[in-house]
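Residue numbers (the numbering used here), protein chains in the order written: chain F, 1 to 476; chain H, 1001 to 1060. Ideal placement from N, C-alpha and C gives every residue a C-beta, glycine not left out. Notes to accompany the following structure.
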Amino acid sequence: MAPAGIEPGSFRDPDSRVLVTGDGVYRLLSDDGLADWRSLASSELFERATADGSLIGTRESNGDGELLAGLDGPDSTLVKPPAAVLRHDEIPFVSYPYEWSFGMLRDAALLELDLLLAALDEDLILKDATPYNVQWRGAVPVFIDVGSFERLREGEPWAGYRQFCMQFLYPLMVQAHRDVAFQPLLRGRLEGIPPTEAARLLGGRHRFHRGVLSNVVLHARLERRYEENAGKQVRGELKQARFSADLIRANARRLRKLVARLEWKPGASAWARYRETSSYSDEDSARKADFVREAVETVRPSLTWDLGANDGAYSRIAAEAGSYVIALDSDHATIEALYRSLREAEDRSILPLVADLADPSPGLGWRGMERRPLLDRGAPDLTLCLALVHHLAITANVPLAEVVEWLADLGGAAVVEFPTREDPMVERLLAAKRDDSHPDYDRGYFESRLERRFEVERREQLGSGTRFLYRLSPRA
Amino acid sequence: MDAVFAYLDPGSGSMILQAILGGVAGLVVALKMFGRRMFSFLTFWKRDEASPAAVESEPD
């Protein structure tokens, strides 16, 4: 949960600001924002989309006088005075597009376009098109920004088209056509990929993929050509030429078809991490699963983090026991495979995210606060850290003691697996290093560090002899 | 209500592109819009090639 106060990531639209308090998530509307909200609230789209869960549950908040009173004083930084307050249902864990897999970004794009098309049918439109307006309940996307809906202005094109290209379409195309990871691009620039740069990334033969010449190459040319033209003048001319909502509809349908056909086939090397799982004996896997099950049933977590989630086997065990689970893995292909299988099942309790734990998402944007650091977005009650410690300690060179400190600082209980130096996987990782490297990678030392910060509730040696499991609870 | 976008700059080029891509109906809008500056529209490709950035992304 975010700290109480005006949500620092919501400043862009002055008609609609998000406020987080100890007891919920609210939205402050300006006069204009309120009129737009009333139009949305009386639409069939709103009823349908909130019922099927694709739009966040929202109602006008009664007794909001107190909330408003505190916000209208001299300390307020609000651009427009708040006229009304909405209250939103809450999302279990906030995530950002640079943590999603290809399929997640694509499904979020399709949701955006479906809502745009539905809105147009009722003389409404989306004023923007950013994936930050989409969040997840497990593997099911939900559109959270009701403030994006506004009344349609006849004769004006869709203001969100350029943003849709920069934050949805181009990242998807770059991943699908060039197999270049889109996450670092979106993390590196919150505004997304500008048309001119997309045109360079998708130049040469790539321009002949469906939709690239029109949405990328021509887009970039027009942008350069009309750089100096005032938007107001162009808008006026389009209006005079009778630009209509039918054109927006036709373009949105065309975009939808284009996005739905984009596919990413992960390269064979990307699936390498699965090999590690398969190197376990069946007996070891079964004992590991039992160990996790016992831990979950003892701790009864409401939020579990599965670090290095791989195929999500342990995430599923935690979810079956009623926990919401964040399944993190640094391998995009692995998370994509997990997402597809969860999406298929319409899972609402496991959120798969691409995250390198040695380089987790930092605070980004204005004041470094617009998008919050991954580790600040909700503390886990239980952390599953299986087949990961050796990757952090050896591959990422994190001192073993710091790995333990980090796990303890997450704050909850933990299940940790430690493979000894004799483990085949550890031997392989060490083989890439000098003989005397990682002297701290030792089970005795690891256990002594654990005991400083945790109570070791249970310890088990797996049948293969080179792997140890620990169930830990934080020291008070 | 004023004909002003809420907060996002839609981009002049991006707005024009939406007319151009809108099929037959869009073409009508684009042609009407460019009626007055038809000349500059027809010379659009040629002009663009003159800028170095555009040359870089020209087909081989």
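Contacts around Ala-119/F, its chain only, beta-carbon distance under 7 Å, and the 5 residues preceding and following it disregarded: Closer than 7 Å at the Cβ level, and outside the excluded window around Ala-119/F, lie Leu-45, Ile-125, Leu-126 and Phe-149.
Best match in Pro-360/F, Lys-265/F and Ser-281/F for proximity to Gly-308/F [C-alpha to C-alpha]: Comparing Cα positions, the closest option is Pro-360/F.
Close-in-space but distant-in-sequence residues of the same chain around Ala-109/F (CB under 6 Å, 5 per side omitted): Scanning its chain for C-beta atoms nearer than 6 Å, with the 5 sequence neighbours on each side dropped, one finds around Ala-109/F the residues Phe-168 and Val-259, in chain order.
Chain F within 8 Å of Leu-1021/H, Cβ atoms only: Closer than 8 Å to some Cβ of chain F, the Cβ of Leu-1021/H qualifies, so yes.
Nearest-angstrom Cα separation, counted from Tyr-445/F out to Arg-348/F: Roughly 40 Å separates the two Cα atoms.
Rounded distance between the beta-carbons of Ala-318/F and Val-325/F, thought under 8 Å: Contact between Val-325/F and Ala-318/F holds, since their C-beta atoms are separated by about 5 Å, short of 8 Å.
Distance between beta carbons of Gly-5/F and Val-20/F, contact taken as under 8 Å: Yes, Val-20/F and Gly-5/F are in contact; Cβ-Cβ is about 7 Å, under 8 Å.
Per DSSP, the bridge partner or partners of Ala-358/F: In the DSSP secondary-structure assignment, Ala-358/F is not bridged to any residue.
Asp-36/F burial status per 10 Å Cβ neighbour count (16 or more: buried): By the Cβ neighbour-count rule, Asp-36/F is buried, with 16 or more other Cβ atoms within 10 Å of its own.
Interface partners of Leu-1017/H on chain F, CB under 7 Å: Neighbours of Leu-1017/H in chain F, taken as residues at a C-beta separation under 7 Å, are given in chain order as Leu-218, His-219 and Leu-222.
Chain H contact for Phe-243/F (CB, 8 Å cutoff): For Phe-243/F, the nearest beta carbon of chain H is closer than 8 Å to its own beta carbon.
CB contact below 8 Å: Leu-40/F versus chain H: False, the Cβ-Cβ gap to chain H never drops below 8 Å.
Distance between Ala-401/F and Arg-275/F (C-alpha atoms, nearest Å): Confidence is the limiting factor: at Arg-275/F the pLDDT is only 49, short of 50, which leaves the residue's position unreliable and the question unanswerable from this model.
Inter-residue Cα distance where the pair is Lys-265/F and Arg-178/F: The C-alpha of Lys-265/F lies about 10 Å from the C-alpha of Arg-178/F.
Burial state of Val-79/F, where buried means 16 or more other Cβ atoms lie within 10 Å: Per the 10 Å Cβ criterion, exposed.
Which of helix, strand or coil DSSP assigns to Arg-275/F: Per-residue confidence for Arg-275/F stands at a pLDDT of 49, beneath the threshold of 50, marking its modelled position as unreliable; no derived number is given.
8 Å contact criterion, which Thr-196/F and Arg-224/F should meet: CB distance rounded: Confirmed, Cβ separation roughly 7 Å.
Per-residue contacts from Tyr-226/F into chain H (C-beta, under 7 Å): Residues of chain H passing the Cβ test: Ser-1012, Gly-1013 and Ile-1016.
6 Å Cβ shell around Phe-182/F - same chain, five flanking residues per side excluded: Taken in chain order, the residues that qualify are Pro-171, Val-174 and Gln-175.
Any non-hydrogen atom of the ligand MN closer than 7 Å to Tyr-339/F Cβ: Absence of the ligand MN is noted for the structure shown, with no ligands found whatsoever.
Cβ contact (3+ pairs, closer than 8 Å) linking the segment 87-104 of chain F and the segment 236-250 of chain F: No, the segment 87-104 of chain F is not in contact with the segment 236-250 of chain F.
CB-CB length for Leu-392/F against Val-403/F, believed under 8 Å: Contact between Leu-392/F and Val-403/F holds: CB atoms are separated by about 5 Å, below the 8 Å threshold.
Separation of Pro-74/F from Pro-8/F, as counted between CA atoms: The alpha-carbon atoms of Pro-8/F and Pro-74/F are separated by roughly 19 Å.
Residue nearest to Val-1029/H in terms of C-alpha spacing, selected from Arg-471/F, Val-234/F and Leu-28/F: Ranking Arg-471/F, Val-234/F and Leu-28/F by Cα distance to Val-1029/H puts Val-234/F first.
Rounded Cβ spacing between Gly-103/F and Arg-340/F (contact assumed at less than 8 Å): At roughly 6 Å, the Cβ-Cβ gap stays under 8 Å, so Gly-103/F and Arg-340/F are in contact.
Inter-residue spacing [alpha-carbon to alpha-carbon] between Val-146/F and Glu-156/F: Counting only the Cα atoms, Glu-156/F lies some 21 Å from Val-146/F.
Which listed residue (Glu-447/F, Leu-303/F, Asn-215/F and Ala-387/F) has its alpha carbon closest to that of Gly-378/F: Among Glu-447/F, Leu-303/F, Asn-215/F and Ala-387/F, the Cα nearest to that of Gly-378/F is on Leu-303/F.
Buried or exposed by the 16-neighbour rule on C-beta atoms within 10 Å, applied to Gly-1023/H: When all chains shown are included, Gly-1023/H counts as exposed.
Identity of the residues DSSP links to Gln-470/F by a beta bridge: Checking the displayed sequence, the identity of residue 470/F turns out to be Tyr instead of Gln. Under DSSP, the beta-bridge partners assigned to Tyr-470/F are Val-416/F and Arg-459/F.
Chain F within 8 Å of Leu-1070/H, Cβ atoms only: The structure shown does not extend to residue 1070/H, since chain H spans only 1001 to 1060, so no value can be given for it.
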